[in-house]
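See below for the structure under consideration.
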């Protein structure tokens, strides 16, 4: 069973990397274009970011504004023109999305986004890293191929943190005094934590799980990756 799990993890990793290679290495990065857009937002707005290829960096700040600094990149001018960045209001929330003019995902976008500190955040990124800091609302991050790093501050009062990667490591830092129920799982990779009350168990030779209760357990932390290590730390 352990060898089968290992084989499935490796097969998944290769399948994802192969499928996404057309929108990363094959496209190259010969030319770039800077894009800057801002939109007013409430202090507790829901912000969604959807990207295909490229890194996503999000930081909370004390302003009622979502500010998007983006770098579009591609192999040539035609490929660059085929990549669009859409920033718009959707109900009470803000949506930021990478759009492609055709079914071929050539080129990509690197995002640096500032959001209100109290915002809830959902990030989906197919191929690229995601880094989140100083956002105190609910947090959902999903990647297909890329590392997730987040400093979530204090977790509690029914706050929810969910980080999921198919191929990539996950690193979450929380503040002392947090209250959360933790569950974590890596099919092919290790789990580690320095927080009292959170323990590790081996799923098999190549996988690991982690879980436990921090404080009164009122918040929720879910960490999951198919291939990659998971680390849960306290500041």
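Numbering (the working numbering), first residue to last: 191 to 425.
The beta-carbon is built from N, C-alpha and C at its ideal position, and this holds for glycine as well.
Legend entry - For residue 410, three-class secondary structure by DSSP: strand
Legend entry - Reference residue 283, options 367, 232, 370, closest by Cα: 232
Legend entry - Limits of the unbroken beta strand (DSSP E) element including residue 267: Here residue 267 belongs to no beta strand (DSSP E); instead the alpha helix (DSSP H) covers 267 to 271.
Legend entry - Touching by the beta-carbon criterion (3+ pairs, under 8 Å), the stretch 252 to 272 and the stretch 300 to 310: yes
Legend entry - For residue 371, the three-state DSSP class (helix, strand or coil): strand
Inset, instruction - Quick one: grab the DSSP three-state call for residue 262. - result: strand
Legend entry - Given 8 Å, three or more beta-carbon pairs between the stretch 324 to 335 and the stretch 378 to 395: no
Inset, instruction - If I'm right that residue 379 touches residue 351 with Cβ under 8 Å, what's the distance once you round it to whole angstroms? - result: Wrong, their Cβ atoms sit about 19 Å apart, outside the cutoff.
Inset, instruction - Report yes or no: do three or more beta-carbon pairs, one from the stretch 365 to 379 and one from the stretch 337 to 356, lie closer than 8 Å? - result: yes
Legend entry - Reduced DSSP secondary structure (H/G/I, E/B, other) of residue 226: strand
Legend entry - For residue 289, the residue or residues it bridges with in DSSP: 274
Legend entry - Pairwise C-alpha distance: residue 402 and residue 256: 35 Å
Legend entry - Among 247, 414, 228, 288, the one whose alpha carbon lies nearest that of residue 253: 228
Inset, instruction - Tell me whether residue 232 sits in a helix, a strand or coil according to DSSP, three-state version. - result: coil
Legend entry - Cβ-based burial, residue 292 [other Cβ within 10 Å; buried from 16]: exposed
Legend entry - As assigned by DSSP and simplified to three states, the class of residue 219: coil
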